[in-house]
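Worksheet for the structure shown next.
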Amino acid sequence: MTAGSGQVYVVTGGCGFLGSHLVRMLLEHEKNISEIRVFDLHLDESLRTLSNDRVRVRLISGDISRLADVQEALHGSHLVIHTASLVDVWGRVPASKITEVNVTGTENVLQACKEEGVQYLVYTSSMEVVGPNIHGDHFYRGNEDTEYRIYHKEPYPLSKAKAEKLVLEANGIKIKGGKMLYTCSLRPTGIYGEGHELMKQFHRQGLRTGRCVFRALSPAIEHGRVYVGNVAWMHLLAARQLQIHPSTLGGQVYFCYDSSPYKSYEDFNMEFLSACGFKIIGSRPLVPYFLLYLLALLNVLLQWVLHGFITYAPILNPYTLAVASTTFTVQTDKAEKHFGYQPLYAWEEAKMRTITWVKSLEVSGKDLKDVGEKSNYCCS
Ligand SMILES: NC(=O)C1=CN([C@@H]2O[C@H](COP(=O)(O)OP(=O)(O)OC[C@H]3O[C@@H](n4cnc5c(N)ncnc54)[C@H](O)[C@@H]3O)[C@@H](O)[C@H]2O)C=CC1
Ligand SMILES: C[C@H](CCCC(C)(C)O)[C@H]1CC[C@H]2[C@@H]3[C@H](O)CC4=CC(=O)CC[C@]4(C)[C@H]3CC[C@]12C
């Protein structure tokens, strides 16, 4: 196929962690596309070089919370994958900003689909639209139909839940030209893989403590995690099949899952960090839960005191502690049944790719320099 004769996909947030994997995935595996519009607030120029004689990668700088920017990006396109979002559970940005980007931004995408006659929208939601809730109810091997006490208070999950609702309600509305809009929503659990910002932070933190990770969470609390390549693959398949079977996929939600093992958040991270000589200290939490909770509260207090001077947003706060301390694992085959999804990467390969990337953080020396580490490990 020559450039220009295929479909035009728009990927909002296409320069982010998931978005950039998705762009590469589309380039490699979706033969029906001639243009990928990468819409983002902060452009990653390296994506431009991915253009080839079949597909043009067009970088579009814009703000999802500005309707005009979104409309311009969507003009003449066939399908939108909307991953752009402010992912913040640490209080780095005000709640109003999270709502503006995640909710108003999604309203703008829907409005632009309507006005520009774009028929298909795949929305990147999150497991957080379901839970874990702050009551500590465990979601164990749940699926899309599992009943659960959903309770949102924090700006991020609240915004994702509102946005997902809007996306699903828009399924079936009339768009410019008289056709219908079809939408579906994908809910990843905690994504990991090459480029995962939080993993970089855990790596850096581990270097500061001599490659020792002090166990803070119970190893019995399991967390669903999913490899970024599989999340991207799932988006590609959903986008493809939404066009072929709109009445099956339209208005549906799908958890993103793969064969990654169910483990506690810390033990899962150790699957990669141990390959760099990191050790986890303790088979049980070294600090009692109530003390950790007090520390989390202290962090909130400090954040409040320092507000206006510096951005103090540590990883530990009462919400992240509640999430990390509540089991949330998914077991479902809905995506397989509805659109033939099977993970593209087996756990062994996802693990190997992630380890290679974590090791590359050390080869580049960036993290080592950041913490002034010489060479010896305290725990070896
Ligand atoms: N990281 C994770 O573990 C999970 C992420 N998700 C969802 O996956 C999606 C992608 O997340 P990540 O790749 O981790 O986040 P990310 O922060 O790496 O990517 C988000 C992208 O959106 C862009 N963006 C932010 N504000 C924007 C605006 N006003 N206008 C245009 N672009 C804007 C950012 O520049 C960034 O490139 C999000 O919708 C997130 O809610 C869902 C479950 C888990
Ligand atoms: C930061 C948490 C781990 C803290 C460990 C401690 C207490 C030792 O410092 C992370 C535990 C679970 C994570 C969240 C989860 O994976 C679900 C998510 C989905 C999203 O859509 C966005 C990210 C996140 C909220 C993710 C954030 C980090 C954790 C709370």
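For the sequence shown, the numbering used here assigns the number 422 to the last residue and increments by one with no breaks. We treat Cβ as the ideally placed atom computed from N, Cα and C, and that holds for glycine.
Alpha carbon of residue i to alpha carbon of residue j, nearest angstrom
i: Q49; j: E186; result: 31 Å
i: E114; j: N311; result: 41 Å
i: H349; j: V295; result: 38 Å
i: N359; j: D95; result: 49 Å
i: L240; j: T141; result: 22 Å
i: G293; j: G214; result: 8 Å
i: Y51; j: F81; result: 10 Å
i: G235; j: Y307; result: 14 Å
i: Y331; j: H177; result: 15 Å
i: I245; j: F59; result: Inspection of the sequence shows that residue 245 is occupied by His rather than by Ile. So the two alpha carbons sit approximately 17 Å from each other.
i: V255; j: V400; result: 16 Å
i: S325; j: D309; result: 10 Å
i: E72; j: L336; result: 50 Å
i: H238; j: F320; result: 18 Å
i: K202; j: R229; result: 10 Å
i: P327; j: L334; result: 10 Å
i: V172; j: V365; result: 12 Å
i: Y165; j: I123; result: 6 Å
i: V405; j: M394; result: 16 Å
i: L69; j: V273; result: 15 Å
i: S168; j: I233; result: 10 Å
i: G271; j: Q161; result: 26 Å
i: V347; j: V131; result: 18 Å
i: R253; j: Q345; result: 27 Å
i: D111; j: W275; result: 27 Å
i: G61; j: V342; result: 31 Å
i: I323; j: S107; result: 45 Å
i: S227; j: H63; result: 18 Å
i: H120; j: E87; result: 24 Å
i: S422; j: T251; result: In this prediction, S422 scores a pLDDT of 34, lower than 50, which makes its location untrustworthy; no coordinate-derived value is stated.
i: L340; j: Y190; result: 30 Å
i: R267; j: V135; result: 25 Å
i: L83; j: S138; result: 18 Å
i: K242; j: I357; result: 12 Å
i: V99; j: A338; result: 43 Å
i: A355; j: K204; result: 24 Å
Residue nearest to residue i in terms of C-alpha spacing, selected from the options
i: Y224; options: N175, L152, R183, V270; result: L152
i: Y198; options: K218, E170, H117; result: E170
i: I397; options: S316, L64, T166, K221; result: S316
i: G248; options: F314, A274, S301; result: F314
i: G104; options: Y387, R253, N150; result: N150
i: T125; options: H84, T54, V131; result: T54
i: S302; options: S119, S107, A388; result: A388
i: K305; options: A377, N341, T231; result: T231
i: A154; options: L116, I322, E390, S138; result: L116
i: T362; options: P174, R267, I323; result: P174
i: L101; options: R108, S107, S93; result: S93
i: I217; options: G133, V329, T251, G159; result: G159
i: E157; options: M222, E87, C226, L83; result: M222
i: G31; options: A377, F351, L339, G219; result: The shown model of the chain, from 43 to 422, leaves out residue 31, and the question about it has no answer.
i: L200; options: Q243, S127, R267; result: S127
i: Y299; options: S227, A258, D375; result: D375
i: L85; options: R66, L109, R98, C57; result: C57
i: S402; options: S47, I357, E390, C318; result: C318
i: R90; options: L339, R66, L83; result: R66
i: T353; options: L109, R257, G133, V129; result: G133
i: A377; options: S138, I357, F297; result: F297
i: L259; options: V329, L386, K242, S138; result: V329
i: Y269; options: V97, E390, S47, Q283; result: E390
i: Q283; options: F351, P385, L163; result: L163
Residues that DSSP places opposite residue i in a beta bridge
i: Q294; result: C226
i: Y234; result: Y269
i: T54; result: F81, H124
i: K73; result: Partner(s): none; K73 has no beta bridge.
i: L101; result: V80
i: D184; result: For the sequence presented, residue 184 should be read as Gly rather than Asp. DSSP, once it has assigned bridges, lists V372 as partnering G184.
i: Q113; result: In the DSSP output, where bridge partners are listed per residue, Q113 has none listed.
i: I322; result: V255
i: K216; result: M222
i: K305; result: H265
Discussion item. Going residue by residue through the stretch 139 to 175, where are the continuous beta strand (DSSP E) segments of at least 3 residues, counting only ones entirely within it?
Written reply: Contiguous beta strand (DSSP E) elements confined to the stretch 139 to 175 occur at 162 to 166, taking only those with 3 or more residues.
Fill in: the stretch 255 to 264 in contact with the stretch 189 to 197 per 3-pair CB rule at 8 Å
Touching, no.
Discussion item. As an exercise, report each continuous beta strand (DSSP E) stretch of at least 3 residues that is fully enclosed by the stretch 238 to 292, in chain order.
Written reply: Qualifying beta strand (DSSP E) stretches, in chain order: 254 to 256, 267 to 269.
Discussion item. Can you confirm whether the stretch 207 to 221 touches the stretch 143 to 158 when touching is taken to mean that 3 or more C-beta pairs between the two stretches lie within less than 8 Å?
Written reply: The stretch 143 to 158 vs the stretch 207 to 221: in contact.
Worksheet item: Are the stretch 286 to 304 and the stretch 63 to 80 in contact at 8 Å, needing three or more beta carbon pairs?
Response: Taking a cut-off of 8 Å for Cβ pairs, the stretch 286 to 304 and the stretch 63 to 80 do not touch, as fewer than three such pairs fall below it.
Discussion item. Count Cβ pairs between the stretch 365 to 376 and the stretch 173 to 187 that sit closer than 8 Å; are there 3 or more?
Written reply: The stretch 365 to 376 and the stretch 173 to 187 touch, with no fewer than 3 CB-CB distances between them shorter than 8 Å.
Fill in: Any 3 or more C-beta pairs closer than 8 Å across the stretch 372 to 385 and the stretch 272 to 284
Cβ pair count under 8 Å is three or more, so yes.
Practice prompt. Let me know the beta strand (DSSP E) ranges lying completely inside the stretch 342 to 394, each 3 residues or longer, listed in chain order.
Written response: Runs of the beta strand (DSSP E) lying entirely within the stretch 342 to 394 and spanning at least 3 residues, in chain order: 370 to 372.
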